[in-house]
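One structure below.
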Amino acid sequence: MSQTLMSDLFAPSMPGWVPETALRYLAHTETGLPIRALARAAGCHASTVLRQIRKLENRRDDQLVDEALRCLGHACIRSSHTKFPTDPTKEPAKMTAFPSRISPTPDEDVLNQQARRILRRLSEPGAVLAVASEMDKAVVVRDSDSGTTTRTAVVDRAVAQAMALNEWITCDAPGRISRYRITSEGRATLARLLAEAENQARQGFAEAQAPFAGQHRVWDTRQTTEQGEAPRRQRYNAAESPLTLLARRRDKDGTPFLSDDLVAAGERLREDFELSQMGPNVAQNWDRFLTGGDRGGFQPGSDVGRGSSGARDRVAGALRDLGPGLGDVVLRCCCYLEGLESAEKRMGWSARSGKIVLRIALQRLKRHYQELGQAGAMIG
1 MSQTLMSDLF APSMPGWVPE TALRYLAHTE TGLPIRALAR AAGCHASTVL RQIRKLENRR
61 DDQLVDEALR CLGHACIRSS HTKFPTDPTK EPAKMTAFPS RISPTPDEDV LNQQARRILR
121 RLSEPGAVLA VASEMDKAVV VRDSDSGTTT RTAVVDRAVA QAMALNEWIT CDAPGRISRY
181 RITSEGRATL ARLLAEAENQ ARQGFAEAQA PFAGQHRVWD TRQTTEQGEA PRRQRYNAAE
241 SPLTLLARRR DKDGTPFLSD DLVAAGERLR EDFELSQMGP NVAQNWDRFL TGGDRGGFQP
301 GSDVGRGSSG ARDRVAGALR DLGPGLGDVV LRCCCYLEGL ESAEKRMGWS ARSGKIVLRI
361 ALQRLKRHYQ ELGQAGAMIG
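First residue of the sequence shown: 1, per the UniProt record's numbering; consecutive thereafter.
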């Protein structure tokens, strides 16, 4: 759709992430703009626009797509008149008054930030986005080899709606609880978002996270700072965390090396850590906090150090409870996604000792969340 049609029909409050096909659909269904006028503005045949509108109408069987279109239908549409002529043989479309802004929908920056987090989680083997019809949040869950389900992320329903409308996620069997999986378009979008973040880091935002995409894996990099050393960047495969790899291993008696509740505790910390990176002061030096260096960069409860839903405070509380050693290995393996072998070398431990220490740390982390009660069971 041309920029002229965009500016003439839709107010500036229309989010920039809305696909062109959805804009044409809304222009036709909400303002009564004829398909031929839309085709002329887009520089394509009317049958092309008609196919796009019919396809989107059929996609409204998906509850997230339907909700997204209903929210966007209440955008600032200048309904008093349009510069495009209408068919004189048809009854003029009834115009609707729309509110001044689309409060339920996220802006483009928020969507990109949240999508990078959620799509990365959905790239993990067995991960789906569960959406219940009566809930305001959507939850990313992952099925383990033992048949249990681990919750790994939570996202606002409005973000999930935008992702579905853009065809980044899809649901094969809608129901009271619908399960969405990442699509090829979603993987391509994730690669683009990671590449954009990498480009920003190269252009001078060295303190920000610096992820990028590989050809066959969801590669990411994270900057860490050791006391007395220059900042360094670590590369890892975001779709395969050290925790999930270790959870597949089994002891001599055949039992999993990490039980499901220990994996859930580690995922809980990782989710809070990722949420804490989204607020102000994202370059928080957690290593310095652990090793007892200068802690002036963060004070729990302060406005500067506060991330999404207090996630920064929760991470700090968990690391403080674990202390140096246990906190270090959890931070590296669960949050930085650093491999066990690399973590052992960095901390000067003997080979193959890291997995034992990590299991002990996860047991202590699990107890920490149990002591928090109801708050410890929440993600996000």
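Even glycine gets a Cβ: it sits at the ideal position worked out from N, Cα and C.
Just so it is clear, the structure is predicted and the values come from calculations on it, not from any experiment.
Can you name, in chain order, every residue of its own chain whose Cβ lies under 6 angstroms from the Cβ of residue i, other than the five neighbours on each side?
i, result
"L358", "V329, C333"
"residue 383", "Past the boundaries of the shown model lies residue 383; the chain is included only from 1 to 380, so the question cannot be answered."
"Q161", "L64, E67, A68"
"H368", "A318, D321"
"A264", "T150"
"G266", "L243, C334, L362"
"R181", "V128"
"R179", "V128, A130"
Hey, quick one: how far does the beta strand (DSSP E) through residue i stretch, first residue to last?
i, result
"A351", "No beta strand (DSSP E) contains A351, which DSSP labels as neither H nor E."
"residue 383", "Any property of residue 383 remains undetermined from this structure, which presents the chain solely from 1 to 380."
Secondary structure at residue i, three-state DSSP: helix, strand or coil?
i, result
"R176", "coil"
"L269", "helix"
"P256", "strand"
"D313", "helix"
"L129", "strand"
"V140", "strand"
"D156", "strand"
"T150", "strand"
"R249", "coil"
"A42", "helix"
Quick one: residues in its chain with C-beta nearer than 7 angstroms to the C-beta of residue i, no 5 flanking neighbours on either side, listed in chain order?
i, result
"D62", "A164, C171, P174"
"A361", "L322, L326, V329, V330"
"A351", "E344"
"P256", "S146, A247, R250"
"L111", "W17, V159, A162"
"S133", "Q63, R176"
Beta-carbon within less than 8 angstroms of residue i's beta-carbon, same chain only, minus the 5 sequence neighbours each way: which residues are those?
i, result
"L269", "V315, A318, V330, C334, C335, L365"
"V140", "I118, R121, L122, A127, V128, L129, A130, R151, T152, A153, V154, V155"
"I356", "none"
Between the Cα of residue i and those of the options, spot the shortest distance and give me the residue it belongs to.
i, options, result
"W168", "V155, S178, S184", "S184"
"R312", "M347, W349, E274", "E274"
"L194", "T244, I35, Q113", "Q113"
"R192", "Q277, A138, R116, L33", "R116"
"Q277", "D260, G310, K252, S259", "G310"
"Y25", "A138, E57, L337", "E57"
If you follow the alpha helix (DSSP H) that residue i is in, where does it begin and where does it stop?
i, result
"S47", "46-58"
"C71", "63-72"
"R332", "Where R332 is concerned, there is no enclosing alpha helix (DSSP H), given that its DSSP letter is neither H nor E."
"V110", "108-122"
"L33", "From DSSP, L33 is part of no alpha helix (DSSP H); its letter is neither H nor E."
"E134", "No alpha helix (DSSP H) holds E134; DSSP gives it neither H nor E."
"S342", "340-347"
With a threshold of 7 angstroms, establish whether the CB of residue i neighbours any heavy atom of the ligand ZN.
i, result
"Q114", "As far as ligands go, the structure on display features none, and thus does not contain the ligand ZN."
Task: Cβ contact check for the stretch 33-49 and the stretch 140-151: 3 or more pairs under 8 angstroms - done: no
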